């Protein structure tokens, strides 16, 4: 069963995909224009600059260029799980962003829309667990995210 989309974008397609590990992940592919994300990126920049770790990034500084848009959940997992990312490197899929809080590390601030709600270490997730995590984040209400009950 596919979750109802809470995204602001034009079309959401669910597909099945084989990640590199050979485990099937339910994958989200979002069709949208880059301009759809500009307002979200501005909000994520504001949130990141209020984070005591992220705001201290300087090499490179935390800017809109820090954000890399992923087209699929598989791509997001593949990129973010590599580890050793610079402080404030950010990836996003739909309206969920992950911003690295540790230089050369793997500790990600998770934001849905304008709501920062979690800090995770992606390396601990297997592909199907990450897919499950992402899908729970999509389905949860803001209150559930705030209370970490998603």
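Residue numbers (full-length UniProt numbering): 1 to 150. Note that beta-carbon positions come from the ideal geometry of N, C-alpha and C, so glycine has one too. This structure is a prediction, so every number in the text was calculated from the model and none was measured.
For residue 100, does the count of other Cβ atoms within 10 angstroms reach 16, so buried, or fall short, so exposed? buried
Could you tell me which of 48, 60, 131 and 62 sits nearest to residue 77, measuring between CA atoms? 131
Closer than 6 angstroms by C-beta to residue 60: which residues in its own chain qualify, once you throw out the five before and the five after it? Chain order, please. none
Distance, residue 135 Cα to residue 25 Cα: Residue confidence is low: residue 25 scores 46 on pLDDT, short of 50, so the model does not pin down where it sits. Its coordinate-derived value is still stated next. Near 11 angstroms, if we compare the C-alpha coordinates of residue 135 and residue 25.
Going by alpha carbons, who is nearest to residue 137 out of 74, 113, 57 and 107? 113
C-alpha distance - residue 84 paired with residue 143, whole-angstrom precision: 32 angstroms
is_contact[residue 137, chain B] using C-beta, thresh 7 angstroms: This model lacks chain B altogether; it includes just one protein chain.
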